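A.B. asks: Have a look at the structure that comes next, please.
Numbering (the numbering used here), first residue to last: 388 to 679.
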């Protein structure tokens, strides 16, 4: 099969076409013929070597691609009937193998629990775009476990993860305050933002001016770190998506999150697909590019 891979770390030029053996599913696995694969920040991290330590036991070529859409064309033995997966289904899949065999390929083998039917009427690029980012957002909200009516600040709200955070938080009945660029007001409002603060060095102070005492929690999709901690109330919470080495003090709890732990959470994957079907979540595609 054809794949886009890297054998050394570096810039985009290290990615190149390769020929690899066709993979086949083992017990509990399915093979997906890939029609579209999303480009995620973790793919850039793999390419540049930021995941080199995690890949220490693997050997190149590394194939990026953590989320795919395509068609199940082979099914292994011992598939849980409750997963209701069968050959011929159009599916979206969550790929978790650190580049050992990612989605930038003709075929990818996945645990059957990592796939679900694509959203109704979705194109392959649309379907491939949502599962990783929406799962990242869901993972954060479940970790924060805020009660209805609590105030959540979402940084980077115009981005993929931030947008899904805002939509899921709004759906959960939270008061949603967002930080985004000055040109993104209409977009962020469409996600359910109750208030919008424009990004900049004074964003945390502006949030506190609007929410005296500070917000109950921050979901930091923009990776602002210490620059946004001042917006959190004493005893509040911070959800981070990259390692955070600071100490916010004031009894603030920090949740360091890794979406990979949800790669085989089939109920959550299917729930997110259902939320797309219900119009709670929207799929957004920036650009569609050919594989090579």
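The beta-carbon is built from N, C-alpha and C at its ideal position, and this holds for glycine as well. Predicted model, so just to flag it, every value in this text is computed and none were measured.
Following the continuous beta strand (DSSP E) through residue 540, name the residue where it begins and the one where it ends.
C.D. replies: Along the chain shown, one-based indexing puts residue 540 at 153. Element bounds for residue 540: 538-542.
A.B. asks: Rounded to whole angstroms, what's the CA-CA distance from residue 458 to residue 414? Just pull it up for me.
C.D. replies: Your numbering for residue 458 matches position 71 in the chain shown. Your numbering for residue 414 matches position 27 in the chain shown. Going from the Cα of residue 458 to the Cα of residue 414 covers about 18 angstroms.
A.B. asks: Quick check on this structure: which residue in 430, 498, 470 has the alpha carbon closest to the alpha carbon of residue 491?
C.D. replies: Against the chain shown, residue 491 aligns to sequence position 104. Here the closest residue by C-alpha is 430.
A.B. asks: Out of 593, 392, 557, which has the shortest C-alpha to C-alpha gap to residue 566?
C.D. replies: On the chain shown, position 179 is the one that residue 566 refers to. It is 593.
A.B. asks: Below 8 angstroms between beta carbons: does that hold for residue 453 and residue 489?
C.D. replies: Taking the chain shown and counting its residues from 1, one reaches residue 453 at position 66. Taking the chain shown and counting its residues from 1, one reaches residue 489 at position 102. For residue 453 and residue 489, yes; Cβs fall inside 8 angstroms.
A.B. asks: Could you give the residue range of the beta strand (DSSP E) that holds residue 420?
C.D. replies: By one-based count along the chain shown, residue 420 stands at place 33. Looking at the DSSP string, the run of the beta strand (DSSP E) that includes residue 420 is 416-424.
A.B. asks: Assuming residue 590 contacts residue 549 under a Cβ cut-off of 8 angstroms, what Cβ separation, rounded to an integer in Å, is found between them?
C.D. replies: What you label residue 590 is simply residue 203 of the chain shown in a count that begins at 1. What you label residue 549 is simply residue 162 of the chain shown in a count that begins at 1. So it is not a contact: roughly 13 angstroms between Cβ atoms.
A.B. asks: Just how far apart, CA to CA, sit residue 618 and residue 644?
C.D. replies: Along the chain shown, one-based indexing puts residue 618 at 231. Along the chain shown, one-based indexing puts residue 644 at 257. For residue 618 and residue 644, the distance between alpha carbons rounds to 20 angstroms.
A.B. asks: So the candidates are 678, 654, 493; which of them puts its Cα closest to the Cα of residue 504?
C.D. replies: As a working note, residue 504 is residue 117 in the chain shown. Among 678, 654, 493, the Cα nearest to that of residue 504 is on 654.
A.B. asks: Relative to the C-alpha of residue 601, which residue among 579, 539, 547 is closest?
C.D. replies: Within the chain shown, the letter at position 214 stands for residue 601. Measuring from the Cα of residue 601, the nearest candidate turns out to be 539.
A.B. asks: Closest to residue 451 by C-alpha separation, out of 394, 465, 542, 612, would be which residue?
C.D. replies: Reading the chain shown from its first residue, position 64 is the one you call residue 451. Per the Cα distances, 394.
A.B. asks: Name the DSSP beta bridge partners of residue 566, please?
C.D. replies: As a position in the chain shown, residue 566 is number 179, starting the count at 1. Partner(s): 542, 584.
A.B. asks: Buried or exposed: where does residue 434 fall if 16 or more other Cβ atoms within 10 Å of its Cβ makes it buried?
C.D. replies: Position 47 of the chain shown, counted from the first residue, corresponds to residue 434. By the 10 Å Cβ count, residue 434 comes out buried.
A.B. asks: Thinking residue 606 and residue 626 are a contact (beta carbons under 8 angstroms), I'd like their distance in whole angstroms, please.
C.D. replies: The residue given as residue 606 occupies position 219 in the chain shown. The residue given as residue 626 occupies position 239 in the chain shown. Yes, they are in contact, since the Cβ atoms of residue 606 and residue 626 sit about 5 angstroms apart, within 8 angstroms.
A.B. asks: Less than 8 angstroms between the beta carbons of residue 497 and residue 442, yes or no?
C.D. replies: For this step, residue 497 is matched to residue 110 along the chain shown. For this step, residue 442 is matched to residue 55 along the chain shown. Not in contact: residue 497 and residue 442 (Cβ atoms no closer than 8 angstroms).
A.B. asks: Pairing CB atoms from the segment 554-564 with CB atoms from the segment 520-537, are three or more of them under 8 angstroms?
C.D. replies: Cβ pair count under 8 angstroms is three or more, so yes.
A.B. asks: Starting from residue 497, trace the beta strand (DSSP E) in both directions and tell me its first and last residue.
C.D. replies: The sequence position of residue 497 within the chain shown is 110, counting from 1. First-last of the beta strand (DSSP E) with residue 497: 494-498.
A.B. asks: Per DSSP, which one or two residues make a beta bridge with residue 626?
C.D. replies: Taking the first residue of the chain shown as 1, we reach residue 626 at position 239. Looking at the DSSP assignment, residue 626 forms a beta bridge with 606, 642.
A.B. asks: Judging by CA-CA distance, which residue of 636, 500, 407 is the nearest neighbour of residue 448?
C.D. replies: Mapped onto the chain shown, residue 448 falls at position 61. The residue with the shortest Cα to Cα distance from residue 448 is 407.
A.B. asks: Could you tell me which of 545, 509, 510, 604 sits nearest to residue 537, measuring between CA atoms?
C.D. replies: Walking along the chain shown from the start, residue 537 turns up at place 150. Taking only the C-alpha atoms, the option nearest residue 537 is 604.
A.B. asks: With the cut-off set at 8 angstroms, would you say residue 515 and residue 455 are in Cβ contact?
C.D. replies: Taking the chain shown and counting its residues from 1, one reaches residue 515 at position 128. Taking the chain shown and counting its residues from 1, one reaches residue 455 at position 68. Yes.
A.B. asks: Less than 8 angstroms between C-beta atoms, sequence neighbours within five positions excluded: which residues of the same chain meet that for residue 527?
C.D. replies: Your numbering for residue 527 matches position 140 in the chain shown. 552, 606, 626, 628, 642, 644, listed in sequence order.
A.B. asks: Is residue 466 helix, strand or coil by DSSP?
C.D. replies: Counting from one through the chain shown, the residue named residue 466 turns up at place 79. In the structure shown, residue 466 sits in coil (DSSP, three-state: anything other than H, G, I, E or B).
A.B. asks: Please report the straight-line C-alpha distance between residue 465 and residue 502, rounded to a whole angstrom.
C.D. replies: In the chain shown, the residue the question calls residue 465 occupies position 78. In the chain shown, the residue the question calls residue 502 occupies position 115. Residue 465 and residue 502: Cα-Cα distance of roughly 16 angstroms.
A.B. asks: Specify, as a first and last residue, the run of the beta strand (DSSP E) that residue 618 falls within.
C.D. replies: As a working note, residue 618 is residue 231 in the chain shown. That residue, residue 618, is in no beta strand (DSSP E); it is neither H nor E in DSSP.
A.B. asks: To the nearest angstrom, how far is the alpha carbon of residue 595 from that of residue 462?
C.D. replies: Working through the chain shown from its first residue, we reach residue 595 at position 208. Working through the chain shown from its first residue, we reach residue 462 at position 75. One C-alpha to the other measures close to 53 angstroms.
A.B. asks: Could you work out which residue in 506, 575, 444 is closest to residue 665 when comparing CA atoms only?
C.D. replies: Sequence index remark: in the chain shown, residue 665 carries index 278 (1-based). Among 506, 575, 444, the Cα nearest to that of residue 665 belongs to 506.
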